[in-house]
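Asker: Those protein sequences? They're chains D and S, same order as listed.
Okay, so the first sequence: first residue is 1 according to our numbering, each after it adds one.
Okay, so the second sequence: first residue is 113 according to our numbering, each after it adds one.
Cβ atoms here follow ideal geometry from the backbone N, Cα and C, with glycine treated the same way.
Predicted, not measured: the structure shown is a model, and the values here were computed from it.
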Amino acid sequence: DSGVTQTPKHLITATGQRVTLRCSPRSGDLSVYWYQQSLDQGLQFLIQYYNGEERAKGNILERFSAQQFPDLHSELNLSSLELGDSALYFCASSAPGRSGYTFGSGTRLTVV
Amino acid sequence: GQSLEQPSEVTAVEGAIVQINCTYQTSGFYGLSWYQQHDGGAPTFLSYNALDGLEETGRFSSFLSRSDSYGYLLLQELQMKDSASYFCAVTSRDSNYQLIWGAGTKLIIKP
């Protein structure tokens, strides 16, 4: 257990639908990152939050949005889903002074 | 722009030593990280180099040469469980300290 919790682990939904992925960072970590990884591809950075505020944006589609709540958990909302959105979505957290990101086990999203 | 290059695939024999190279182009370089990812699993942090030289952690070592914009991950006494993808990632001031990721190297280990 890495300390970063992601739910659900698997999600199957139809095109056009909307889903919400949830992430609880490691205890004490203020930064949360969302990544998308398509089959046999690298990690695509989507967005970062730090202590409730958006810190950086990557290649995040307009159909996607995220937020971080006062208890530091974060949600990634994906709407108007397309087949190409099928991927593994990872959440990671980090803390100043600690090297590296700690990743959750991911949510495997399948759009049918 | 910023970019990283690493081989897409490396094959090695169990018990051997393998080196996975990573070259990068970035301005405002801050540090180089390595992550391991097994198929279907989460990336796991392995090492971080901010200064030139070799960092050793058990069977794994990571090296950085800032002047050459180059680093490598060295895996010794390879075990079958080391079969995974290995990603290098750069942190730079110009990317607002966001990790810029390489495309990953798939390490295949043969008995």
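1) To the nearest angstrom, how far is it from the Cα of S:I129 to the Cα of S:L190?
2) From the DSSP output, in three-state form, read off D:E83 for me.
3) Using a Cβ-Cβ distance under 8 Å, would D:S38 count as near chain S?
4) Starting from D:S74, trace the beta strand (DSSP E) both ways and give me its first and last residue.
5) Roughly how many angstroms lie between the CA atoms of S:D194 and D:D85, to the nearest whole one?
6) Can you have a look at S:S159 and say buried or exposed, based on whether 16 or more other CB atoms are within 10 angstroms of its CB?
7) Which runs of the beta strand (DSSP E) spanning at least 3 residues fall entirely within the region 141 to 184 of chain S, listed in chain order?
8) Given that D:Y49 touches chain S, what residues does it touch there, using C-beta distances under 7 Å?
9) Rounded to whole angstroms, what is the Cα-Cα separation between D:Q17 and D:S80?
10) Using 8 Å as the limit for Cβ to Cβ distance, is D:S105 near chain S?
11) For S:S145, decide whether its Cβ has a neighbour in chain D, counting only Cβ atoms nearer than 8 Å.
12) Name the one or two DSSP bridge partners that S:S204 has.
13) Under a three-way DSSP split, which group does S:K193 fall into?
14) Are the beta-carbon atoms belonging to S:Y209 and S:W146 less than 8 Å from one another?
15) Which residues, in order along the region 76 to 101 of chain D, keep a beta-carbon less than 9 Å from a beta-carbon of chain S?
16) Suppose the cutoff is 7 Å on Cβ atoms and the five residues either side in sequence are ignored; what does the same chain contact list for S:S181 look like?
Answerer: This is what the structure holds:
1) 6 Å
2) Residue 83 of chain D is actually Leu in this sequence, not Glu. Residue state, collapsed to three classes: helix.
3) No, because no Cβ of chain S sits closer than 8 Å to the Cβ of D:S38.
4) S74 to L78
5) 30 Å
6) buried
7) 141 to 149, 156 to 161, 165 to 169 and 172 to 177
8) Those do not exist, as D:Y49 stays about 13 Å from chain S at its closest Cβ, beyond 7 Å.
9) 5 Å
10) Closer than 8 Å: yes.
11) Taking 8 Å as the CB threshold, S:S145 lines the interface with chain D.
12) BP columns for S:S204 point to S:F141.
13) When DSSP states are grouped into helix, strand and coil, S:K193 belongs to the helix group.
14) Cβ atoms of S:Y209 and S:W146: not closer than 8 Å.
15) L88, F90, A92, S99, G100 and Y101
16) T135, Y136 and Q137
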